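If you're matching them up, the sequences are chains A and B in order.
Read left to right, the first sequence gives residues 0 to 153 (numbering that gives the first Met the number 0).
Read left to right, the second sequence gives residues 0 to 153 (numbering that gives the first Met the number 0).
2 protein chains.
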Amino acid sequence: MLRLSTKGQYGVRAMYEIARGYPDEPVNIRSISERQDVSISYLEQILNKLRHAGLIRSIKGPGGGYVLERAPEKISIADILIELEGPVAITSCLDPSEGCVRVERCVTHLLWKSLGKQIEDFLSKITLQDLLNGKSYRDFSRVVSNKREKAVQA
Amino acid sequence: MLRLSTKGQYGVRAMYEIARGYPDEPVNIRSISERQDVSISYLEQILNKLRHAGLIRSIKGPGGGYVLERAPEKISIADILIELEGPVAITSCLDPSEGCVRVERCVTHLLWKSLGKQIEDFLSKITLQDLLNGKSYRDFSRVVSNKREKAVQA
DNA sequence: AAAATACTTGACAAATTTGGTAAGGTATTT
DNA sequence: AAATACCTTACCAAATTTGTCAAGTATTTT
């Protein structure tokens, strides 16, 4: 249930690779392909979207590749996924581009809306920098439930 | 992104209707169909699964219908969705019935696992009774983030 | 200028999932 | 025995997913 498509998954992994070269080492598509086991053609589609969204910039010619447009701590997982898969919308009637004809009568409308917000908040608080840091499972779980963030790092 | 299939959505809405008759009024499939705008054939598939899972019981003959096997506050949304759509698994490699060959190298594994847990916790804390009570958006959001639950009801 | 390297675009398509419908059968109660 | 209700199986169309392929276009280095 609630599965993410490969496009979103690969996109995050590709952005992780590009983040590793930040700020002065362009990462070319072949090395991303090799390190993350994704075909070059498919990656091209994904990176193209992310480039148009302003998350990355491309540099052509020998020594070229992709570079983040912002620092890794300024790019959240939500930023990436929303570009590749659209906004979080548990049901089609919660998709801003669609609509719902039975909202008033719908007993589950608020439930799904609330779940969607929960997910988006979580994904907005995790950045590429967190992935670079190799945060642990416990760290991620704490993100939403605990806002104090006492600098207690394992 | 992260959309729920109609099977899960309809399932929750059907369970809501059945919950309304709890404990002594069996709810027949036709009235569920009419109230929730779902075809009888499709509902039959859904209710069949939920019956085999032990969430509801069926009573045949005139005056028959479906009845919850447990009280509405003992059946969570997670219970229903997991039966209809399988466990929360953001990626296929997190599905217990499948597997992942590159867990060690995967920088996003923990991220997805953590998100899945977040979602499951949320859905486990909301029950059919909450839907019957017509909880507000604010109420749902509070479920996960606030465990104190000061009985402050709007 | 030419060669190497890299990115861009668009068309295409197999496989899977989704979202159902239809027909006929079985069980229970009044 | 008639009415009511649930059960099972088979089938299928459309949409989405998950890519591949071919043929460009742009830039830099030598």
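For each residue, glycine too, the CB sits at the ideal point set by N, CA and C.
Computed from a predicted structure; not experimentally measured.
{"Check": "Please list the partners that residue 116 of chain A has in chain B, where partner means a Cβ-to-Cβ separation under 7 Å.", "Outcome": "140"}
{"Check": "Have a look at residue 135 of chain B and residue 92 of chain A and give me their C-alpha separation to the nearest angstrom.", "Outcome": "18 Å"}
{"Check": "Would you say residue 7 of chain A and residue 80 of chain A are within 8 Å of each other, going by their C-beta atoms?", "Outcome": "yes"}
{"Check": "Quick one: using the 10 Å Cβ neighbour count with 16 as the cut-off for buried, is residue 84 of chain A buried or exposed?", "Outcome": "buried"}
{"Check": "By DSSP's criteria, residue 26 of chain A is part of a beta bridge. Which residues make up the other side?", "Outcome": "A:65"}
{"Check": "Residue 86 of chain A versus chain B: which residues are under 8 Å apart at the beta carbon?", "Outcome": "0"}
{"Check": "May I have the straight-line CA-CA distance separating residue 44 of chain A from residue 25 of chain A, to the nearest angstrom?", "Outcome": "18 Å"}
{"Check": "Taking only the alpha-carbon atoms, compute the straight-line gap between residue 180 of chain B and residue 56 of chain B and give it to the nearest angstrom.", "Outcome": "A query on residue 180 of chain B cannot be resolved here, the shown segment of chain B reaching from 0 to 153 and no further."}
{"Check": "What does the alpha-carbon distance come out to for the pair residue 65 of chain A and residue 114 of chain B?", "Outcome": "28 Å"}
{"Check": "Helix, strand or coil for residue 75 of chain A, going by three-state DSSP, please let me know.", "Outcome": "strand"}
{"Check": "Leaving aside the five residues before and after residue 15 of chain A along the sequence, list all residues of the same chain whose C-beta is less than 6 Å from its C-beta, in chain order.", "Outcome": "130"}
{"Check": "According to DSSP, residue 56 of chain B sits in a beta bridge with which residue or residues?", "Outcome": "B:66"}
{"Check": "Rounded to the nearest angstrom, what separates residue 71 of chain B and residue 99 of chain B at their Cα positions?", "Outcome": "37 Å"}
{"Check": "Taking a cut of 9 Å between CB atoms, which residues from the stretch 46 to 60 of chain A lie near chain B?", "Outcome": "none"}
{"Check": "Tell me which same chain residues have a C-beta within less than 7 Å of the C-beta of residue 90 of chain A, skipping the five on either side of it?", "Outcome": "111"}
{"Check": "Would you mind sorting residue 47 of chain A into buried or exposed? The rule is 16 or more other CB atoms within 10 Å of its CB.", "Outcome": "exposed"}
{"Check": "Taking the beta carbon of residue 179 of chain B as the centre, do at least 16 other beta carbons fall within 10 Å, making it buried, or is it exposed?", "Outcome": "Any property of residue 179 of chain B remains undetermined from this structure, which presents chain B solely from 0 to 153."}
{"Check": "Starting from the beta carbon of residue 15 of chain B, find every residue of chain A whose beta carbon is closer than 8 Å, and list them in chain order.", "Outcome": "106 and 107"}
{"Check": "Looking at the C-beta of residue 11 of chain A, does it have a partner C-beta in chain B at a distance below 8 Å?", "Outcome": "yes"}
{"Check": "Taking 6 Å as the limit between beta carbons, can you name the residues of its chain near residue 108 of chain B, skipping five residues before and five after?", "Outcome": "102"}
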